Amino acid sequence: MCILPADSPDTTNSNGSRVMREIDLFSMREEFQRHDIRLCFNGPISRSLVEEIGNALKKYLESADAPPGAVMDIFGVYVEMTQNIRHYAGRQGFSDDESSTTVIVARDDDTGHYLVEACNLVKRDDGNALLERVRELAAMDQGQLKKAFKTQLRAPRDEEANTGAGLGLIDIARRSAEPLSAQLKDVADDRQLFSLRAVI
Amino acid sequence: MTANCSACVPSSDMATAAQAEGVEMQTLQREKSQSTPEVHADPQAGRLAMAGDSYPENSYEFFHEIVTWVETYLRDTDQPLHLELRLAYLNTSSVRAMLDIFDLLQAAHEEGQGVSVDWLYHPRNERVADLAEEFREDCTFPFEIKPDQPE
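Quick mapping for you: the protein sequence lines, in order, are chains A and B.
Numbering-wise (the working numbering), the first sequence opens with residue -10 and increments by one.
Numbering-wise (the working numbering), the second sequence opens with residue 286 and increments by one.
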């Protein structure tokens, strides 16, 4: 399943001409298949899309006979990643273009594990802080992660408390079978692309 | 706790319709949606039931009236309150909201009010039991976690 919103900048010609640019769908398809990508999304993701895609993901995993605990972990990681991105983009006042999100869910047939990875635009300082936080969480064992979760849960809530900020990342780490990993890529002086990878 | 008295008018604007014994509180009923659970709060029965997944983007918006209902009930009556939960998945902001509810129950319990929780889970989904167990660790009132028996 792959969803590109109809108004995605990638599907329209930037110079306003009616001639659509050529997209090599065959090679995109090969790429998806080579990596066993079962679901992908690229574009601004709305609140209802988070839910609709999540629902489709859950149904797909259930039909693929994934154990109920695994379905919940994969679904949970997807929800926290996408809601974190939406809260962040909302707080920054990002435009639709800047809020564009890439999410993939892939399966590794050799290990039976699933990969959930999401990528979004962040301010440079935030990107570096996120990377540092992911490294801290990756170094923790389950006991330490549980403690960090409970501490964060009891931490004073600021004005933006309804985001559950900070908790989401720990929750993702707790549901992961391998340590979390993240990458940054420069795209402009003050902007970076942040990608977060969880193996479940 | 303040004693039962029909003259007590809770400050919450929801407290007008139903008239239980000495308690004036409304029943709270919310249908299940894709990202929010079914909710049924019955002041006469002293029971709050929630069932389904909970991952609204704005959990404050959704949980505010439930937390307020629990707070008002515990403040305005000395009747017991029982929670029957069949919550399967909670996003982290829903976890925070549930913690608020359990904190209210714990405080009422410490004041001597009868509160209890049954958290029922699908027998094949042990993740739910783990989550419920983490909530229970911080509570000293009766809190049961058990597999749901299909009827």
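Cβ atoms here follow ideal geometry from the backbone N, Cα and C, with glycine treated the same way.
Keep in mind it's a predicted model, so treat the numbers as computed, not measured.
Counting only runs that start and end inside the segment 15 to 52 of chain A, the alpha helix (DSSP H) elements of at least 4 residues fall at 36 to 52.
Collapsing the DSSP output to three states places A/GLN181 in a strand. In this structure, A/LEU185 places its C-beta atom within 9 Å of the C-beta atom of A/SER170. Neighbours of A/GLY58 in chain B, taken as residues whose beta carbon is under 7 Å from its own, are ASN410, GLU411 and ARG412 in chain order. Taking C-beta separations shorter than 7 Å and ignoring five residues to either side along the sequence, the partners of B/ARG421 in its chain run PHE428 and ILE430, following chain order. The beta-carbon of B/LEU372 is placed no less than 9 Å from the nearest beta-carbon of chain A. At a cut-off of 9 Å, the C-beta of B/TYR358 has no neighbouring C-beta in chain A. For B/THR377, the chain A residues whose Cβ falls inside 7 Å of its Cβ are GLU69, GLY153, LEU156, GLY157 and ASP160, in order along the chain. The beta carbon of B/SER401 does not come within 9 Å of any beta carbon belonging to chain A, so the residue lies off that interface. B/GLN434 sits exposed, since fewer than 16 C-beta atoms from the chains shown fall within 10 Å of its C-beta.
When C-alpha distances from A/GLY101 are compared across A/ASN117, A/LEU110, A/PRO56 and A/THR71, the shortest belongs to A/PRO56.
In the structure shown, the three-state DSSP call for A/VAL8 is coil.
Taking a 10 Å sphere around the C-beta of A/PHE83, we find 16 or more other C-beta atoms and assign the residue as buried.
Note on the segment 323 to 396 of chain B: whole beta strand (DSSP E) runs with a minimum of 3 residues are 323 to 327, 332 to 339 and 366 to 375, in chain order.
In this structure, DSSP gives A/ALA144 a state outside helix and strand, which the three-state scheme calls coil. Residue pairing by DSSP places A/ILE93 opposite A/CYS29 and A/GLU106 in a beta bridge. When rounded, the separation of the alpha-carbon atoms in A/GLY58 and A/SER88 is 31 Å.
Here B/VAL400 has LEU366, LEU390, ALA393, HIS394 and PHE426 as same chain residues with Cβ atoms under 6 Å from its own Cβ, once five neighbours each way along the sequence are excluded.
Looking at the backbone, the Cα of A/SER52 and that of A/VAL60 are separated by about 10 Å.
Beyond the five residues adjoining it in sequence on each side, A/VAL188 comes within less than 7 Å, by CB distance, of HIS102, LEU104, SER165, ALA166 and GLU167 in the same chain, given in chain order. Listed in chain order, the positions of the segment 315 to 328 of chain B with a beta carbon within less than 8 Å of a beta carbon of chain A are GLN319 and SER320.
Residue environment for A/ALA107: buried (at least 16 other C-beta atoms within 10 angstroms of its C-beta). Using a CB distance below 7 Å, no part of the segment 122 to 137 of chain A faces chain B.
Neighbours of A/GLN72 across chain B, judged by C-beta separation under 9 Å: TYR340, GLU342, ASN376, THR377 and SER378.
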